[in-house]
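Novice: Under this note's numbering, the sequence shown has 719 at position 38, and the numbering climbs by one with no breaks. Ideal placement from N, C-alpha and C gives every residue a C-beta, glycine not left out. In this text the structure is predicted, and so the values were computed from the model without any measurement.
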Amino acid sequence: MTREGDKFFAQVPGFRKLAMLPMSETAFFSNAVDAEVRFSKDADGKTQPLVLRQEGQDMPAKRVN
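1) Can you check which of these residues, G726, L731, F690 and S705, is closest to V714 by C-alpha distance?
2) Quick one: what does DSSP say D687 is sitting in, helix, strand or coil?
3) Along the chain, where does the beta strand (DSSP E) containing F720 start, and where does it finish?
4) Quick one: using the 10 Å Cβ neighbour count with 16 as the cut-off for buried, is M701 buried or exposed?
5) Residue range of the beta strand (DSSP E) that Q738 falls in?
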């Protein structure tokens with residue numbers, strides 16, 4: 682997940698970058714494919730790995746720099 686100006690994008694290695702639209706402060710969706718990205722925080726307020734939800738499956742993402 683990246684931010685370019687006021688726009689957000691998600692990209693899985695080997696696939697094209699998709700524009701992600703906000704659903705809430707912590708959730709985004711794509712209108713190009715059936716996919717959602719959700720962020721959460723633990724009890725201490727630390728951001729947890731994002732979760733990609735696609736075709737009814739939740740897949741935790743790994744950070745790639």
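Specialist: According to the structure shown:
1) F690
2) coil
3) Counting along the chain, F720 falls outside any beta strand (DSSP E), and DSSP gives it neither H nor E.
4) buried
5) Q738 to P741
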